[in-house]
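Visitor: Residue numbers (the numbering used here): 3 to 436.
1) Helix, strand or coil: which one does DSSP assign to residue 28?
2) For residue 413, does the three-state DSSP call read helix, strand or coil?
3) Starting from residue 368 and walking both ways along the beta strand (DSSP E), at which residues does that stretch end?
4) Cα separation between residue 122 and residue 115?
5) Can you give the Cα-Cα distance for residue 237 and residue 104, rounded to whole angstroms?
6) Alpha carbons only, please: which of 201, 322 and 173 is nearest the one belonging to residue 231?
7) With burial defined as no fewer than 16 other Cβ atoms inside 10 Å of the residue's Cβ, what is the status of residue 74: buried or exposed?
8) Among 394, 166 and 339, whose alpha-carbon lies nearest the alpha-carbon of residue 327?
9) Taking contact to mean at least 3 C-beta pairs separated by less than 8 Å, is the region 245-260 in contact with the region 179-193?
10) Report yes or no: do the region 314-323 and the region 286-303 share at least 3 C-beta pairs separated by less than 8 Å?
11) When we look at the beta-carbon of residue 437 and count the other beta-carbons within 10 Å, is it buried (16 or more) or exposed?
12) Measuring only the C-alpha atoms, how far is residue 63 from residue 344?
13) Just the Cα atoms here: how many angstroms apart are residue 146 and residue 156?
14) Where residue 138 and residue 194 are concerned, what is the direct C-alpha to C-alpha distance, given to the nearest angstrom?
15) In this structure, does DSSP put residue 118 in helix, strand or coil?
16) Among all the DSSP beta bridges, which residues are the ones paired with residue 153?
17) Report the CB separation of residue 266 from residue 278 in whole angstroms; it is logged as a contact under 8 Å.
18) Between residue 87 and residue 60, what straight-line distance do the alpha-carbon atoms span, to the nearest angstrom?
19) From residue 142 to residue 119, what does the alpha carbon distance come to, in whole angstroms?
20) Taking the alpha-carbon positions, what's the residue 149 to residue 79 distance?
21) Keeping to the same chain, check which residues put their C-beta closer than 6 Å to that of residue 204; ignore five residues upstream and five downstream.
22) From what residue to what residue does the beta strand (DSSP E) around residue 306 run?
23) Can you check DSSP and say which residues form a bridge with residue 44?
24) Taking only the alpha-carbon atoms, compute the straight-line gap between residue 359 and residue 392 and give it to the nearest angstrom.
25) Looking only at DSSP bridge pairs, what is residue 263 linked to?
26) Decide yes or no for the touch test of the region 379-386 against the region 346-354: beta carbon pairs closer than 8 Å, at least 3 of them.
27) How would you label residue 67, buried or exposed, when you count the other beta carbons within 10 angstroms and need 16 or more for buried?
28) Excluding the 5 residues preceding and the 5 following residue 410 in the sequence, name in chain order all residues of the same chain whose CB lies nearer than 7 Å to its CB.
29) What is the DSSP secondary structure of residue 222, counted as helix, strand or coil?
30) So, is residue 125 buried or exposed, given that buried needs 16 or more other C-beta atoms within 10 angstroms?
31) State the CB to CB distance for the pair residue 176 and residue 285, rounded to an integer number of angstroms; the pair is presumed to be in contact (CB under 8 Å).
32) Residue range of the beta strand (DSSP E) that residue 173 falls in?
33) Please list the terminal residues of the continuous beta strand (DSSP E) segment that includes residue 392.
34) Can you tell me which of the three DSSP states residue 419 falls into?
35) I'd like the list of long-range same chain contacts for residue 454, defined as Cβ closer than 6 Å, with 5 residues on each side in sequence excluded.
36) Below 8 Å on the Cβ atoms is my guess for residue 357 versus residue 308; work out the distance and round it to an integer in Å.
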């Protein structure tokens with residue numbers, strides 16, 4: 003009995019140290035909770051993204067053979083070599099060899115202790131994949147220098163399908179007019195699936211830059227643009243922003259194409275700043291400046307006419323011209339028009355429209371509107387209205403005047419005839435008496 007107690011005591015003494023060691027091996031917070039602690043190993047995951055080691059790219063559902071780069075750090079104390087990688091991604095992502103193929107990357111390179119290295123895989127993205135964050139796992143096989151055998155490291159990663167931003171620019175009104183100031187509106191649209199932010203736009207090759215520019219890629223240096231920089235802000239997918247500018251076009255650019263280059267800088271979905279160049283094209287029309295003047299009412303061939311003149315003080319002929327007369331207010335003048343063909347520059351074009359009435363003529367003042375309708379050299383139809391007041395006089399009665407004249411003339415003629423007859427009789431009597 004005493005021997006059993008001694009044996010039990012000795013056994014307890016031998017077991018207690020192991021229990022105490024297990025207790026002291028545990029911590030309340032758990033190993034690795036501190037940001038300064040890590041599991042000791044040779045490979046540490048740093049980043050994963052679509053793109054190459056030199057540049058991140060935007061990827062969207064439906065893209066095939068997209069480079070996918072995973073960056074690691076060699077945190078061990080020795081150089082490693084023979085680096086190979088295998089990628090495991092969730093459903094919707096596959097290797098270029100097919101949906102069930104293994105996604106492999108073979109670096110076959112060395113990584114010095116303390117340096118970074120990367121593996122680039124090529125991935126197909128299913129069109130039904132959502133634009134969001136996704137998890138994955140990377141297996142890295144490598145060997146230490148001066149050590150036989152292969153080591154393996156597994157890393158849980160996170161990556162994002164960003165979508166793709168597609169930036170387009172266009173002018174809402176692509177026609178500008180020479181010899182005048184034009185208000186220009188340019189649409190900046192993001193037709194892609196990824197947002198862009200902090201969009202800043204600058205015109206290039208303007209007059210202010212010509213001192214430092216040896217050659218000009220466009221003719222924008224010949225115009226005056228009052229604004230040259232626009233802070234557009236953020237542009238979500240499938241939406242647009244607008245910028246406005248005031249542009250003066252000289253006469254020598256008439257019938258030419260104005261090309262305004264824009265430098266667009268922005269931040270993409272990766273948070274990287276990008277700059278692209280776009281060109282907005284405008285066609286320069288001639289300037290047609292019509293003035294209507296000299297409106298009056300005259301009588302021509304027993305017909306009253308509304309007459310006037312049109313002068314073009316621009317630098318382009320107006321085509322297919324018409325002049326329309328229409329009444330205003332209580333006027334009962336009949337609406338009429340007249341074709342006057344081309345209205346050349348610096349050459350007054352007269353017009354005359356017969357004056358007719360709806361119903362009984364009304365004499366006196368009439369409010370009227372003269373409208374000149376024409377087309378410019380891009381066949382846009384333009385109307386130039388001119389309102390004025392004319393005075394319509396009552397025409398003289400010519401038949402009554404002729405009757406009065408005849409009433410006066412007939413007695414005189416009869417008197418003359420009677421006088422001639424009496425004079426002849428008297429001469430005959432004198433001849434007979436002699």
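Glycine included, each C-beta is placed from N, C-alpha and C at the ideal position.
Guide: A quick look at the data gives this:
1) The sequence position of residue 28 within the chain shown is 26, counting from 1. Low local confidence applies: a pLDDT of 36 at residue 28 is under 50, so the model's placement there is unreliable, with the coordinate-based value given in what follows. Reduced to three states, the DSSP call for residue 28 is coil.
2) Stepping through the chain shown from its first residue, residue 413 is reached at position 411. Three-state DSSP puts residue 413 in a helix.
3) Counting from one through the chain shown, the residue named residue 368 turns up at place 366. Unbroken beta strand (DSSP E) run through residue 368: 366-377.
4) Position 120 of the chain shown holds residue 122. Position 113 of the chain shown holds residue 115. Roughly 20 Å separates the two Cα atoms.
5) Against the chain shown, residue 237 aligns to sequence position 235. Against the chain shown, residue 104 aligns to sequence position 102. Residue 237 and residue 104: Cα-Cα distance of roughly 38 Å.
6) Counted from its first residue, the chain shown places residue 231 at position 229. If we check each option's Cα against that of residue 231, 201 comes out closest.
7) Along the chain shown, one-based indexing puts residue 74 at 72. Label assigned to residue 74: buried.
8) One-based indexing of the chain shown puts residue 327 at position 325. Checking every option, the nearest Cα to that of residue 327 belongs to 339.
9) As far as the Cβ criterion goes, the region 245-260 touches the region 179-193, which means the pair count is three or higher.
10) Touching, per the Cβ criterion.
11) The shown model of the chain, from 3 to 436, leaves out residue 437, and the question about it has no answer.
12) Here residue 63 refers to the residue found at position 61 of the chain shown. Here residue 344 refers to the residue found at position 342 of the chain shown. For residue 63 and residue 344, the distance between alpha carbons rounds to 58 Å.
13) Position 144 of the chain shown, counting from 1, holds the residue named residue 146. Position 154 of the chain shown, counting from 1, holds the residue named residue 156. Rounded to whole angstroms, residue 146 to residue 156 spans 16 Å at the Cα level.
14) Mapped onto the chain shown, residue 138 falls at position 136. Mapped onto the chain shown, residue 194 falls at position 192. Rounded to whole angstroms, residue 138 to residue 194 spans 26 Å at the Cα level.
15) Walking along the chain shown from the start, residue 118 turns up at place 116. Strand at residue 118.
16) For the purposes of this step, residue 153 is identified with residue 151 of the chain shown, where counting begins at 1. Answer is 144.
17) Translated into the one-based positions of the chain shown, residue 266 becomes position 264. Translated into the one-based positions of the chain shown, residue 278 becomes position 276. That belief holds up - the Cβ atoms of residue 266 and residue 278 are roughly 5 Å apart, short of 8 Å.
18) For this step, residue 87 is matched to residue 85 along the chain shown. For this step, residue 60 is matched to residue 58 along the chain shown. Just so you know, the alpha carbons of residue 87 and residue 60 end up roughly 23 Å apart.
19) The count along the chain shown starts at 1 and reaches residue 142 at position 140. The count along the chain shown starts at 1 and reaches residue 119 at position 117. In a straight line, the C-alpha of residue 142 is about 11 Å away from that of residue 119.
20) Taking the first residue of the chain shown as position 1, residue 149 is located at position 147. Taking the first residue of the chain shown as position 1, residue 79 is located at position 77. Distance from the CA atom of residue 149 to the CA atom of residue 79, rounded to whole angstroms, is 13 Å.
21) The residue you call residue 204 lines up with position 202 of the chain shown. For residue 204, where only same-chain residues beyond five positions count, the Cβ hits under 6 Å are 231 and 265.
22) Counted from its first residue, the chain shown places residue 306 at position 304. DSSP places residue 306 in the uninterrupted beta strand (DSSP E) bounded by 305-314.
23) Residue numbering aside, residue 44 sits at position 42 when the chain shown is read from its first letter. Its beta-bridge partners do not exist; DSSP assigns none.
24) Position 357 of the chain shown, counted from the first residue, corresponds to residue 359. Position 390 of the chain shown, counted from the first residue, corresponds to residue 392. Distance between the alpha carbons of residue 359 and residue 392: 14 Å.
25) Position 261 of the chain shown, counted from the start, is the residue given in the question as residue 263. Listed as beta-bridge partners of residue 263 by DSSP are 281.
26) Note that the region 379-386 does not touch the region 346-354; fewer than 3 beta-carbon pairs, one per stretch, sit closer than 8 Å.
27) Looking up residue 67 in the chain shown gives position 65. The residue in question, residue 67, is exposed, as its Cβ has fewer than 16 Cβ neighbours within 10 Å.
28) Within the chain shown, numbered from 1, the residue matching residue 410 stands at position 408. None.
29) As a first step, residue 222 must be located in the chain shown, where it is residue number 220. Looking at residue 222 - three-state DSSP - the assignment turns out to be helix.
30) Here the question's residue 125 lines up with position 123 in the chain shown. So residue 125 ends up on the buried side.
31) Taking the first residue of the chain shown as 1, we reach residue 176 at position 174. Taking the first residue of the chain shown as 1, we reach residue 285 at position 283. Between residue 285 and residue 176 the Cβ distance is about 6 Å, and since that is below 8 Å, they are a contact.
32) In the chain shown, the residue the question calls residue 173 occupies position 171. From DSSP, the beta strand (DSSP E) with residue 173 extends over 169-173.
33) As a first step, residue 392 must be located in the chain shown, where it is residue number 390. Taken as a continuous stretch (DSSP letters only), the beta strand (DSSP E) holding residue 392 covers 383-394.
34) Sequence index remark: in the chain shown, residue 419 carries index 417 (1-based). If DSSP states are grouped into helix, strand and coil, residue 419 belongs with the helices.
35) In the structure displayed, the chain extends from 3 to 436; residue 454 sits before or after that span and is not available.
36) What you label residue 357 is simply residue 355 of the chain shown in a count that begins at 1. What you label residue 308 is simply residue 306 of the chain shown in a count that begins at 1. Yes, residue 357 and residue 308 are in contact; Cβ-Cβ is about 6 Å, under 8 Å.
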